[in-house]
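Just below is one structure, and these are the notes that go with it.
Number of protein chains: 2
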Amino acid sequence: MTEICREHEEHRGRIENGRKHVPNRETILEISDFFAALGNPTRLGILYALSGGELCTCDLSVVSELSVSAVSHQLRILRDRKLISFRKEGKNVFYRLRDSHIVDVLSVALEHMEEGLNHG
Amino acid sequence: MTEICREHEEHRGRIENGRKHVPNRETILEISDFFAALGNPTRLGILYALSGGELCTCDLSVVSELSVSAVSHQLRILRDRKLISFRKEGKNVFYRLRDSHIVDVLSVALEHMEEGLNHG
DNA sequence: TTGATGATTGAATGATTGCTCAAATGAAGA
DNA sequence: TCTTCATTTGAGCAATCATTCAATCATCAA
Chain A
0 MTEICREHEE
10 HRGRIENGRK
20 HVPNRETILE
30 ISDFFAALGN
40 PTRLGILYAL
50 SGGELCTCDL
60 SVVSELSVSA
70 VSHQLRILRD
80 RKLISFRKEG
90 KNVFYRLRDS
100 HIVDVLSVAL
110 EHMEEGLNHG
Chain B
0 MTEICREHEE
10 HRGRIENGRK
20 HVPNRETILE
30 ISDFFAALGN
40 PTRLGILYAL
50 SGGELCTCDL
60 SVVSELSVSA
70 VSHQLRILRD
80 RKLISFRKEG
90 KNVFYRLRDS
100 HIVDVLSVAL
110 EHMEEGLNHG
């Protein structure tokens, strides 16, 4: 692994420049965890549903057409990664998006998708 | 699955509203694929490196400290999902970010991460 | 306390993922 | 042509993931 191309000199400059733009390992892991949380249809659907306002676990089960258990497992992941927060009211637990950046990210992704359709 | 809570009436309004905000299945799959591509440390590192300018497969192998083969496999995924494009020059293949939205998404993610540190 | 209901959890399991290794492809030069 | 080197590809495998199922927890009411 990491064998370097033969014309060292030409490559070395590019490699150094590339390296400069890569955040440290810890940051990379944090950010990729964030995206991985968004990178699943069930969780993404949950987040979109919550963009319309808070919903309880049961509601989300109906909207996503999955078992309450499956939804709860995914909610835990979204909670752990700080994408959603919740409040308890009686027997129900209501979830909501944790901050506005999630919506921002979703809309930029949509732009990218439309861009791809137009010329790609 | 999808058993509805007992107080139908209270829930039905919320459920309908939530549903309205969820894109159709196909769109959800496209977008979650997009995020899944970003949701891996190796691929994310590659994208950051490319944000500094084009690099060949070999360069990316050095920067990411992985085998050329491993990098090539990941590059294929990024290509298929239209996050990068490439040009061939002699024996080398140079990759670059495909459009500006990728950088946009990365910066919003960083914001979210910093927000989380402040009051999370 | 008992029973009902919403939610969470843990084990189990099939599917997917990311890597390695070996082989194949493609381009340039001898 | 044959060789070399950058890259790609496919098989194989361990690790991770998403879901189901059963059990448990938590809240409320009778």
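The listed protein sequences correspond, in order, to chains A and B. Just so you know, we're using numbering that gives the first Met the number 0 here: the first sequence kicks off at 0 and counts up by one. Just so you know, we're using numbering that gives the first Met the number 0 here: the second sequence kicks off at 0 and counts up by one. We treat Cβ as the ideally placed atom computed from N, Cα and C, and that holds for glycine.
Using only the alpha-carbon positions, how far apart do E9 of chain A and K87 of chain B sit?
16 Å
As an exercise, report each continuous alpha helix (DSSP H) stretch of at least 4 residues that is fully enclosed by the segment 21 to 48 of chain A, in chain order.
24 to 37
Verify the CB distance criterion: does R95 of chain B have a CB-CB separation below 7 Å to chain A?
no
Output, in sequence order along the chain, the residues in the segment 51 to 84 of chain A whose CB is closer than 7 Å to any CB in chain B.
G51, G52, L54, C57, D58, S60, V61, V62, E64, L65, S66 and K81
Supposed contact pair I45 of chain B and S63 of chain B - C-beta distance, whole angstroms, cut 8 Å
6 Å
My output table needs one value for R95 of chain B: the three-state DSSP class, helix, strand or coil.
strand
Taking one C-beta from the segment 26 to 42 of chain A and one from the segment 108 to 115 of chain B each time, how about it: are there three or more such pairs within less than 8 Å?
yes
Is it buried or exposed for S106 of chain A, if we count other Cβ within 10 angstroms and need 16 for buried?
exposed
Take the Cβ of V104 of chain B as the centre, count every other Cβ of all protein chains shown within 10 Å, and call the residue buried at 16 or more, exposed below.
buried
Is it buried or exposed, G12 of chain B, if we count other Cβ atoms within 10 angstroms and call 16 or more buried?
exposed
Reduced DSSP secondary structure (H/G/I, E/B, other) of E110 of chain B:
helix
Whole-angstrom Cβ separation of L129 of chain A and F93 of chain A, contact assumed at under 8 Å?
Within the shown structure, residues of chain A are numbered from 0 to 119, placing residue 129 of chain A beyond reach of any answer.
For Q73 of chain A versus R42 of chain A, is the C-beta spacing smaller than 7 Å?
yes
How many angstroms separate the CA atom of S50 of chain A from the CA atom of L28 of chain A?
26 Å
For the putative contact between L59 of chain A and A48 of chain A, defined by C-beta atoms under 8 Å, what is the C-beta separation to the nearest angstrom?
6 Å
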